[in-house]
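Note that the sequence shown covers residues 1 to 66 in the working numbering.
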Amino acid sequence: MKQFIERMKVELKELQGKIKRAEKAVETPPFGADKTSIDLLKSQIQYMQGYASFLKQRIEYEGGRL
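Below is the structure:
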């Protein structure tokens with residue numbers, strides 16, 4: 001398989017882990033996290049999810065299997 005597809009798969013897996021950890025932080029905010037911090041994290045999660053979606057599409061388009 002093409003090496004760049006494998007790199008995208010690794011990147012996607014790492015990104016999915018970061019999304020999960022960020023979602024947990026939103027559900028149970030760390031001590032001292034204020035509303036603005038949590039709101040910014042929620043926005044960041046949305047962008048990361050969008051990026052993950054594009055990565056999935058690119059992997060599939062290039063012939064990779066998820």
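Even for Gly, the Cβ is constructed at its ideal location relative to N, Cα and C.
If you're wondering where the values come from, they're calculated on a predicted model, not measured in any experiment.
Going by beta-carbon coordinates alone, are residue i and residue j separated by less than 8 Å?
| i | j | result |
| --- | --- | --- |
| Glu-27 | Ile-45 | no |
| Ile-69 | Met-48 | An answer regarding residue 69 cannot be provided, because it is not within the stretch 1 to 66 covered by the chain. |
Quick check: the Cα distance between residue i and residue j, rounded to an integer number of angstroms?
| i | j | result |
| --- | --- | --- |
| Glu-14 | Ser-37 | 23 Å |
| Leu-40 | Ala-33 | 11 Å |
| Gly-63 | Tyr-51 | 19 Å |
| Ser-53 | Tyr-61 | 12 Å |
| Gln-57 | Gln-3 | 17 Å |
| Ser-43 | Arg-65 | 29 Å |
| Ile-59 | Lys-35 | 36 Å |
| Arg-21 | Pro-29 | 11 Å |
Which residues in the same chain have their Cβ closer than 8 Å to the Cβ of residue i, if we skip the five residues on either side of it in sequence?
| i | result |
| --- | --- |
| Leu-55 | Met-8, Glu-11, Leu-12, Leu-15 |
Using C-beta distances below 7 Å, list every residue in its chain close to residue i, excluding the 5 sequence neighbours before and after it, in chain order.
| i | result |
| --- | --- |
| Ala-25 | Leu-41 |
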